[in-house]
Amino acid sequence: MNVVQFILQNHAQVLELTLEHLRLVGFATLFATLIGIPLGILIAHRPRLNKPVLASANIIQTIPSLALFGFLLPVPWLGARSDRLAILALTLYALLPIIRNTYTGIRGVDPAVIEAGLGMGLTEVQLLFQVELPLVVSVIVSGVRVAIVISVGLATIAAAIGAGGLGEFIFRGLAMVDNTVILAGAIPAALLALVADFGLGRLERYLLPR
Amino acid sequence: MIEFRDVSYRVAGTDVLSGFNLQVQSGETLVLLGRSGSGKTTSLKLVNRLLSPTSGKVLVKGAPNGELDIIRLRRSIGYVIQDVGLFPHFTVERNIGLVPRIEGWAQDRISQRVRELLQMVGMDPQTASRYPHQLSGGQRQRVGVARALAADPEMLLMDEPFGALDPLTRNDLQSEFLSLQKQLTKTVVFVTHDLREAMRLGSRIALLEAGRLVTVLAPTEFLRSTDPLVSAYARAFGDAVVSNPSRGTT
Numbered sequence: 006m007n008v009v010q011f012i013l014q015n016h017a018q019v020l021e022l023t024l025e026h027l028r029l030v031g032f033a034t035l036f037a038t039l040i041g042i043p044l045g046i047l048i049a050h051r052p053r054l055n056k057p058v059l060a061s062a063n064i065i066q067t068i069p070s071l072a073l074f075g076f077l078l079p080v081p082w083l084g085a086r087s088d089r090l091a092i093l094a095l096t097l098y099a100l101l102p103i104i105r106n107t108y109t110g111i112r113g114v115d116p117a118v119i120e121a122g123l124g125m126g127l128t129e130v131q132l133l134f135q136v137e138l139p140l141v142v143s144v145i146v147s148g149v150r151v152a153i154v155i156s157v158g159l160a161t162i163a164a165a166i167g168a169g170g171l172g173e174f175i176f177r178g179l180a181m182v183d184n185t186v187i188l189a190g191a192i193p194a195a196l197l198a199l200v201a202d203f204g205l206g207r208l209e210r211y212l213l214p215r
Numbered sequence: 243m244i245e246f247r248d249v250s251y252r253v254a255g256t257d258v259l260s261g262f263n264l265q266v267q268s269g270e271t272l273v274l275l276g277r278s279g280s281g282k283t284t285s286l287k288l289v290n291r292l293l294s295p296t297s298g299k300v301l302v303k304g305a306p307n308g309e310l311d312i313i314r315l316r317r318s319i320g321y322v323i324q325d326v327g328l329f330p331h332f333t334v335e336r337n338i339g340l341v342p343r344i345e346g347w348a349q350d351r352i353s354q355r356v357r358e359l360l361q362m363v364g365m366d367p368q369t370a371s372r373y374p375h376q377l378s379g380g381q382r383q384r385v386g387v388a389r390a391l392a393a394d395p396e397m398l399l400m401d402e403p404f405g406a407l408d409p410l411t412r413n414d415l416q417s418e419f420l421s422l423q424k425q426l427t428k429t430v431v432f433v434t435h436d437l438r439e440a441m442r443l444g445s446r447i448a449l450l451e452a453g454r455l456v457t458v459l460a461p462t463e464f465l466r467s468t469d470p471l472v473s474a475y476a477r478a479f480g481d482a483v484v485s486n487p488s489r490g491t492t
C-alpha cells in the first residue's frame, strides 16, 4: 500500500492528527509571540538586559527536544496533561527567533530617525508604535515564520509523550518498521511547514516598508 | 531665550564641554562654529535634553530646562539634523504633520499647514504624497526643515543641516534659510564647521575649541580678530571667505 492510499483510507485520522498538530503549533506560536515581541522590544531599549535574555533563549534552544519533554514530565499540573507540556516546550523553542528578530529589527532602525523622533518630542511609546514597530514589523513576522517552521517539526516529537499530532504516525511507523506509516505523518507535517512558510513569507513581503 | 550657565558635560572621564557660558538672544541666528569634537553638537543636544549636563544649567526662556516637561520642551523647539531622519514609512505630508497630529490638530488644518510649509521651503505642494526615498537630498532636507517648523516653534536647533549636500544645493538652501529667517525671525542655534556658512548665516558666531567657548563675535569682527584660535580658523578657510556686509554687529 502506498502513502497516498494509506492517507486516503485513514483520512479521518490524518485530519484529526493534523488538527491536533496545528493546535500545538498554534498555541505555542501564539504564546511565544505574546512573550517574545514585548521581550524583544524591552531588550532593544534596555541594552543591559539583552545579554541575559538572549543567552537564556539560546540555551533553551540547545536542550535536545526529547530531553526537554522528559524534564517537564514530572512537573505538577503541567505533566498531568501532555498537550500542555508540549505547548510549553514548543513555546520555549519558538521564543528565540521571535525575540532575536524583534531586537535586531529595532536596533537596526536608522539612529537619525530615532534622534529626529525624540528631538521632535515624541514619547518613547509614540516612537515605538508610530516609527519603530511599523518599520520592523516585517522583520518580526520573519522571526515568527522561523518559529512556526521550527515548531511544526518539533511538534512531531511531542507524540513521544502522548501529546498527539502527526508524530503519532511517525512513532507508530517506526515501531512497525513501516515507512508508509512514517510518511503519512511526515508528509502532512512537511506540507504544514511549507504552507506556513509560504503564507508568512507573503505577509512579510506585504508588510515591508517602502 | 536660551542660556548656558557654566555648563559641563563629561562622558567616560572626558570633558566634552566645560565651563560653557553663552546667551542666545531672541530672534538671532547664533552659529556654533568649531572643528569635529569641539562640543558643538553636544551643546545643541543639551538644549532639547537629548543630553543632560554633568553640571551647570541650560535655561530656556528663563527656566532651567531640566525642570520643564521634556516632551513640551522638545515640541517647542524645532530640531534639524544633518542626516535629516525623515520617517521612511511616512509620506512627506505625514512626516511634516506628525507633531501637529499628535497634538490633536484637525486633519484639514494639518493638510493646509503642510502645503503652506512646503511652499515656504521652496517645494511643490504636490510632493506631499511622496515618500522620502523618492526625494533628492536637498528636497529631503527641505522637508526636514518644514517638519521642524510644523508646530511653529519659537526656537530652532540646526545641526549641520546642509553639511551633506552638494555645494550648489547647499548654496540654495542657505539663501532660502536667510529669506525664511527674515520672514519668521526664529531663535536659531546653528551648528557648522564651515566658516563660510557661519559668516553667511550667523548674526553672531561662537567659536568652540576642545569643549570650551573661545569667543563670540559678529561675522564682520571674525576675520579681524587677533585671537590666535580665531585667526587660525579664518586662515584655514583662506581667501574663500567673503564677509557678508548685510550681517553687521549686534
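Each protein sequence line maps, in turn, to chains G and L. Per my numbering, the very first residue in the first sequence carries number 6; after that it's consecutive. Per my numbering, the very first residue in the second sequence carries number 243; after that it's consecutive. Quick reminder that beta carbons are idealized off the backbone N, C-alpha and C, glycines included.
- Residue L:N290 holds the alpha-carbon nearest to the alpha-carbon of V430 of chain L among L:T462, L:G298, L:Q354 and L:N290.
- The continuous alpha helix (DSSP H) containing K56 of chain G extends over residues N55 to T67.
- 9 Å or more divides the Cβ of L93 of chain G from the Cβ of L101 of chain G.
- Around the beta carbon of M400 of chain L, a 10 Å sphere encloses 16 or more other beta carbons of the protein chains shown; the residue is thus reported as buried.
- When secondary structure is reduced to three states using DSSP, A305 of chain L falls in the strand class.
- For V356 of chain L, the uninterrupted alpha helix (DSSP H) run begins and ends at Q349 to M362, by DSSP.
- Of G:L24, G:H16, G:N15 and G:V186, the smallest CA-CA separation from A160 of chain G is found for G:L24.
- Within 10 angstroms of the beta-carbon of D325 of chain L lie 16 or more other beta-carbons, which makes it buried.
- Under a criterion of Cβ atoms nearer than 9 Å, no residue of chain L is adjacent to T185 of chain G; the nearest Cβ is some 51 Å distant.
- Per DSSP, reduced to three states, the secondary structure at N263 of chain L is strand.
- In the DSSP assignment, R247 of chain L is bridged to L:K299.
- The C-beta of P57 of chain G has fewer than 16 other C-beta atoms within 10 Å across all chains shown, which makes the residue exposed.
- For the region 148–182 of chain G, the beta-carbon criterion of a distance under 9 Å to any beta-carbon of chain L is satisfied by none of its residues.
- Rounded to the nearest whole angstrom, the C-alpha separation of I313 of chain L and I155 of chain G is 43 Å.
- Here I352 of chain L is not near P367 of chain L, since their CB atoms are 9 Å or more apart.
- At a C-beta separation below 7 Å, T128 of chain G has these neighbours in chain L: I313.
- The three-state secondary structure of D88 of chain G, taken from DSSP, is helix.
- Interface criterion met: the Cβ of Q135 of chain G is under 9 Å from a Cβ in chain L.
- Around the beta carbon of S70 of chain G, 16 or more other beta carbons sit within 10 angstroms, so the residue counts as buried.
- Taken through DSSP and simplified to helix, strand or coil, V289 of chain L comes out as helix.
- The residues I65, in chain order, have a CB closer than 6 Å to that of L97 of chain G in the same chain once the five nearest residues on each side in sequence are set aside.
- Every unbroken stretch of the beta strand (DSSP E) spanning 3 or more residues and falling wholly within the region 380–452 of chain L is given here in chain order: 397–401, 429–434 and 446–451.
- In this chain, the beta strand (DSSP E) harbouring T271 of chain L covers T271 to G276.
- None of the residues of the region 48–63 of chain G has a beta carbon lying less than 9 Å from any beta carbon of chain L.
- DSSP places I323 of chain L inside the beta strand (DSSP E), whose first and last residues are I319 to I323.
- When the Cα atoms are used, T38 of chain G and V249 of chain L turn out to be separated by approximately 46 Å.
- Flagged as an interface residue toward chain G: L340 of chain L, by a C-beta distance shorter than 9 Å.
- Under the Cβ distance rule, E209 of chain G does not count among the residues neighbouring chain L, no pair being separated by less than 9 Å.
- L127 of chain G carries a coil assignment under DSSP once its states are collapsed to helix, strand and coil.
- For G124 of chain G, the neighbours in chain L by C-beta distance under 7 Å run, in chain order, N290, L292, R316 and Y321.
- Counting only Cβ-Cβ distances below 8 Å, V118 of chain G has contacts in chain L at G327, L328, F329 and P330, in chain order.
- Contact with chain L is found for Q131 of chain G, since one of that chain's Cβ atoms lies less than 9 Å from the residue's Cβ.
- Put simply, the backbone Cα of Y251 of chain L is about 9 Å away from that of L293 of chain L.
- Residue contact check for L465 of chain L against chain G: no CB pair falls below 9 Å.
- Shown here, V80 of chain G sits in coil according to DSSP, grouped into three states, outside any helix or strand.
- Here V144 of chain G has N106, T107, T109, G110 and G113 as same chain residues with Cβ atoms under 8 Å from its own Cβ, once five neighbours each way along the sequence are excluded.
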